[in-house]
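Colleague: By the UniProt record's numbering, the letter at position 122 of the sequence shown is numbered 122, and the numbering carries on one by one without gaps. One structure, as structure tokens, below. Some questions next.
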Amino acid sequence: MDMNKLVSVLVPAYNVSSYVREALSSVLAQTYKHLEIIVIDDGSTDNTGEILNQLAKSDTRLRIIHNEKNIGIIKTLNKGLNLAKGDYIARMDADDLIVPDWIEKILNRMENEPHIFAMGGSLQILSSNTGKLAKIYKNGEIFQYPTEHDDIIRTLPFDNPMAHPTMVMRAEIFSRNGLRYDEHYPKAEDYKLWLEISKIGQLANLPDVLLQYRIHENQTSSMHNQQQISTARKIRFEAANRFFEIIGLTSQLPYDFNAKSLHLLTAEIDEKNAEICVKDQHILSKIVASLILSLSELALKDWLIFLSAKKYQRYRRGVMKKLFKKYFNHRNYGIYGK
1 MDMNKLVSVL VPAYNVSSYV REALSSVLAQ TYKHLEIIVI DDGSTDNTGE
51 ILNQLAKSDT RLRIIHNEKN IGIIKTLNKG LNLAKGDYIA RMDADDLIVP
101 DWIEKILNRM ENEPHIFAMG GSLQILSSNT GKLAKIYKNG EIFQYPTEHD
151 DIIRTLPFDN PMAHPTMVMR AEIFSRNGLR YDEHYPKAED YKLWLEISKI
201 GQLANLPDVL LQYRIHENQT SSMHNQQQIS TARKIRFEAA NRFFEIIGLT
251 SQLPYDFNAK SLHLLTAEID EKNAEICVKD QHILSKIVAS LILSLSELAL
301 KDWLIFLSAK KYQRYRRGVM KKLFKKYFNH RNYGIYGK
């Protein structure tokens with residue numbers, strides 16, 4: 001592996017005075033040494049900025065930038081991308097802890113596999129037992145992600161398949177292809193980025209735990225969870241349409257899709273079923289079942305079609321009870337609903 005490749009580590013920081021020393025210490029302790037660590041203080045109101053200035057005196061690899069006012073994580077990340085000089089761009093949060101061989105492990109793969117444009121790994125929850133998210137995620141819980149590109153593509157229509165603060169990306173993604181974090185996708189800008197990167201190169205994850213992901217009440221994911229959910233729904237919809245395209249379907253569902261749109265989609269799936277591999281058939285079944293449950297309006301005639309038509313038989317497994325509740329109680333159970 002070429003140890004001369006410069007890696008720019010982007011670390012946005014906002015009111016993390018309790019955690020930032022430990023977080024940056026874990027980055028500075030990397031076994032891969034050729035780093036520039038760009039830490040952008042996004043207008044913190046605590047003493048985060050002062051701590052960063054002190055830390056910068058101890059290691060010349062630290063580049064500290066202070067935003068005059070809080071501009072938000074998306075603009076801050078894009079500012080970091082514009083400042084980065086590295087051959088690779090790595091991402092780390094100012095309240096998490098990364099393992100010492102994080103960058104070395106990923107670069108070992110990416111240097112030997114040029115088709116991989118971005119790679120991350122698994123994470124372990126580090127919970128302070130405060131905040132809404134601490135009630136959902138348990139301390140020590142491990143989150144693993146699909147490791148191969150094809151499985152990541154199959155996951156995108158349902159969930160974010162990459163852990164943002166473990167990611168290392170080729171700088172050419174941004175310099176040659178013009179990609180940036182999209183301000184139209186607040187609180188899920190990373191999820192959107194993976195979808196866009198998947199259109200120009202491959203994604204991958206290591207199975208190894210690379211990060212301790214800290215859960216606390218001040219973090220962005222905790223404070224803006226509802227907005228994050230709303231934006232993620234939009235991305236799932238885009239990813240589903242992208243998946244249809246990849247496997248050879250011409251159908252593209254509009255955002256205001258209805259039962260008629262679904263009837264046209266399932267008709268094309270039936271027509272091309274023999275050409276679709278078993279794994280992708282399974283993913284299609286999950287997508288269509290969730291789309292049915294996500295319909296904002298469900299007329300009696302369409303409900304009866306979903307309930308009885310032979311072509312919908314494969315999609316009814318495991319959703320019949322919810323389908324009844326949806327029609328009679330007007331509840332939305334799908335992940336693609338507005």
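Beta carbons are placed, not taken as given, at the ideal position from N, Cα and C, and that holds for glycine.
1. D59: which of I38, K69 and E113 sits nearest, CA to CA?
2. Identify, in the order they occur along the chain, each residue of the same chain with its Cβ nearer than 8 Å to the Cβ of I335, setting aside the five sequence neighbours on each side.
3. Among P12, M169 and I73, which residue has its Cα nearest to the Cα of E113?
4. D208 lies in the beta strand (DSSP E); which residues open and close that run?
5. Give me the Cα-Cα distance between V278 and E68, rounded to the nearest whole angstrom.
6. For the beta strand (DSSP E) that contains Y88, what are its first and last residues?
7. Buried or exposed for M119, please, with buried defined as at least 16 other CB atoms from any protein chain shown within 10 angstroms of its CB.
8. Answer yes if the segment 11 to 20 comes into contact with the segment 85 to 105, meaning at least three C-beta pairs across the two stretches below 8 Å, and no otherwise.
9. Look at the alpha carbon of S285 and the alpha carbon of I247, and state the distance between them as a whole number of angstroms.
10. Please report how far the alpha carbon of V99 lies from the alpha carbon of K105, in whole angstroms.
11. Going by DSSP in three states, Q124 sits in which element: helix, strand or coil?
12. Whose C-beta lies closer than 7 Å to the C-beta of T45 among residues of the same chain, with five residues either side of it excluded?
13. Taking all protein chains shown into account, decide if M162 is buried (16 or more other Cβ within 10 angstroms of its Cβ) or exposed.
14. Would you list the one or two residues that DSSP bridges to S8?
15. Taking only runs that begin and end inside the segment 124 to 204, name each unbroken beta strand (DSSP E) of 3 or more residues, in chain order.
16. With DSSP collapsed to three states, give me the class of F257.
17. Please list, in chain order, all residues of the same chain as G201 whose beta carbon is under 6 Å from its beta carbon, the five residues on each side excluded.
18. Using a Cβ-Cβ cutoff of less than 7 Å, which residues in the same chain neighbour K79 once the five nearest sequence positions on both sides are dropped?
19. Smallest Cα separation from D87: which of K75, N4, E271 and F243?
20. Once the 5 residues before and after L264 are set aside, which same chain residues still bring their CB inside 7 Å of it?
21. For the candidate residues D256, I283 and L28, whose alpha-carbon lies nearest to that of A56?
22. Output the boundary residues of the alpha helix (DSSP H) element that contains R21.
Modeller: According to the data block:
1. If you number the sequence shown from 1, residue 59 lands on position 59. The shortest Cα separation from D59 among I38, K69 and E113 belongs to I38.
2. Looking up residue 335 in the sequence shown gives position 335. Cβ neighbours of I335 beyond the five flanking positions: F158, R233, R236, S290 and S294.
3. As a position in the sequence shown, residue 113 is number 113, starting the count at 1. Checking every option, the nearest Cα to that of E113 belongs to M169.
4. If you number the sequence shown from 1, residue 208 lands on position 208. It spans Q202 to I215 - the beta strand (DSSP E) in which D208 sits, taken as one unbroken run.
5. Counted from its first residue, the sequence shown places residue 278 at position 278. Counted from its first residue, the sequence shown places residue 68 at position 68. Rounded to the nearest whole angstrom, the CA to CA distance from V278 to E68 is 54 Å.
6. Locating residue 88 in the sequence shown gives position 88, where the first residue counts as 1. Note, Y88: beta strand (DSSP E), Y88 to R91.
7. Here the question's residue 119 lines up with position 119 in the sequence shown. Per the 10 Å Cβ criterion, buried.
8. yes
9. The residue labelled residue 285 in the question sits at position 285 within the sequence shown. The residue labelled residue 247 in the question sits at position 247 within the sequence shown. Distance between the alpha carbons of S285 and I247 is about 14 Å.
10. Residue 99 sits at position 99 when you count from the first residue of the sequence shown. Residue 105 sits at position 105 when you count from the first residue of the sequence shown. Each residue's Cα considered, the two are about 10 Å apart.
11. By 1-based counting over the sequence shown, the position of residue 124 is 124. Correct three-state label for Q124: strand.
12. Within the sequence shown, numbered from 1, the residue matching residue 45 stands at position 45. Taking T45 as the centre and dropping the five residues before and after it, the same chain places the C-beta of N15 closer than 7 Å to its C-beta, in chain order.
13. Translated into positions along the sequence shown, residue 162 becomes position 162. M162 is buried by the Cβ-count criterion.
14. Within the sequence shown, numbered from 1, the residue matching residue 8 stands at position 8. E36 and I89, per the DSSP bridge assignment.
15. 168 to 170
16. In the sequence shown, counting from the first residue as 1, residue 257 sits at position 257. Residue state, collapsed to three classes: coil.
17. Translated into positions along the sequence shown, residue 201 becomes position 201. Answer for G201: F117, listed in chain order.
18. Residue numbering aside, residue 79 sits at position 79 when the sequence shown is read from its first letter. I40.
19. As a position in the sequence shown, residue 87 is number 87, starting the count at 1. Checked all of K75, N4, E271 and F243; the closest Cα to D87 is N4.
20. As a working mapping, residue 264 is identified with position 264 in the sequence shown. For L264, where only same-chain residues beyond five positions count, the Cβ hits under 7 Å are S251.
21. In the sequence shown, residue 56 corresponds to position 56, counting from 1. That would be L28, whose Cα lies nearest to the Cα of A56.
22. Working through the sequence shown from its first residue, we reach residue 21 at position 21. Here the alpha helix (DSSP H) through R21 covers V20 to L28.
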